[in-house]
Amino acid sequence: KLIDHYTKPENYISTKLFPFAVTYKEFTDDYDGDIDKVIESRVTSNIQKELREESVFLLFIDGVDEKNLPIEEQLTTLKEFSNTIHSRANVKAVITSRYLKALDEPSELQNQIERYEIRPLSLNKTLEFITAICKQINLTERLIEDLKKSVLLRELPRTPLAAILLAKVINENSKDLPSNIPELYSKCVELMLGRWEIDKGLESQKEYEALDNVLQNLAKYLLDNELPYVSIPEAKSFFADYLQNRNLELEVDHLFTLLVDRTEFMLVDF
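Counting from 1, position 164 in the sequence shown corresponds to residue 164 in the numbering used here; the numbering is continuous, with no gaps.
Right, dumping it as structure tokens:
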């Protein structure tokens with residue numbers, strides 16, 4: 001949203017800020033933490049020639065927490081980067097991260113940090129949220145009372161995302177509430193992978209099991225390599241590798257289409 005704001009012509013004219021974004025892992029691994037390398041890679045020479053002399057590059061760096069570094073190294077790297085930014089008149093930077101333990105340590109960075117926390121939903125607001133999402137099935141008073149008394153609702157994180165997951169499960173089967181958080185997550189996975197479509201004849205058992213196994217392999221690969229995304233051909237290679245030695249009579253493109261159309265684990269950017 002910030003990049004969209006600053007790339008509007010009228011805002012560039014008034015602020016002279018030229019924005020672009022990069023993940024922290026890309027910044028450190030692909031560009032060696034070198035701002036000039038990022039600019040050369042992300043901003044073409046033609047654009048650089050057209051920029052006004054007073055223009056300032058506005059660099060957005062996200063995901064500091066996704067780079068697996070010791071606490072001391074995290075802090076040292078951020079200090080060095082901060083000093084570099086302050087030494088240059090033509091660059092400003094906004095760095096964002098989830099909670100980072102390194103920033104709990106007293107340091108010269110304290111005055112440059114803003115911390116934000118999503119305010120938790122109250123119990124009543126959580127119920128209101130779930131009821132609003134489930135309005136098509138018209139939750140009964142009895143079911144709402146059962147929810148209020150359940151261990152699950154006491155354990156449920158007070159966030160919209162957690163409420164949405166519960167509402168999805170209730171929408172699909174309002175007579176069988178999950179009893180705890182692990183069961184809720186398990187039912188959500190089954191729902192998103194199409195397990196509950198099998199009984200309706202909309203998906204076969206082997207399609208569900210193939211999707212389940214392929215996504216486990218893909219998730220492990222992303223986590224092990226600290227990757228926020230992979231290319232579409234690379235993602236499809238996980239399907240091809242899984243199906244290659246199994247006589248399941250399933251096509252790679254068909255399974256991938258099921259992933260795109262039905263599951264909500266992956267965001268696919270075409």
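Where a beta carbon is used, it is the ideal one built from N, C-alpha and C, also for glycine.
Over what stretch of residues does the beta strand (DSSP E) that includes T44 continue unbroken? It is not in any beta strand (DSSP E) - T44 carries neither H nor E in the DSSP assignment.
Could you tell me which uninterrupted alpha helix (DSSP H) segments, each at least 4 residues in length, are contained entirely in the region 68-154, listed from first to last along the chain? Correct list: 71-86, 123-133, 141-149.
Could you tell me if D62 is buried or exposed, where buried requires 16 or more neighbouring beta carbons within 10 angstroms of its beta carbon? buried
Secondary structure at L202, three-state DSSP: helix, strand or coil? Interpretation of L202 is limited by its pLDDT of 46, a score under 50 that renders its predicted location unreliable; the figure taken from the coordinates is listed afterwards. Residue state for L202 is assigned as coil, using DSSP reduced to three classes.
Are the Cβ atoms of L75 and A93 separated by less than 7 Å? For L75 and A93, no; Cβs fall outside 7 Å.
Per DSSP, what are the beta-bridge partners of I326 in this structure? Given a span of 1 to 270 for the chain in the structure shown, any question on residue 326 remains unanswerable.
What residue range is occupied by the uninterrupted alpha helix (DSSP H) comprising M192? 181-193
Whole-angstrom distance between Q48 and V64, CA atom to CA atom: Going by the C-alpha atoms only, they are around 28 Å apart.
In three-state terms, what does DSSP make of V169? helix
Just checking, does the region 228-245 make contact with the region 175-187 on the three C-beta pairs under 8 Å criterion? no
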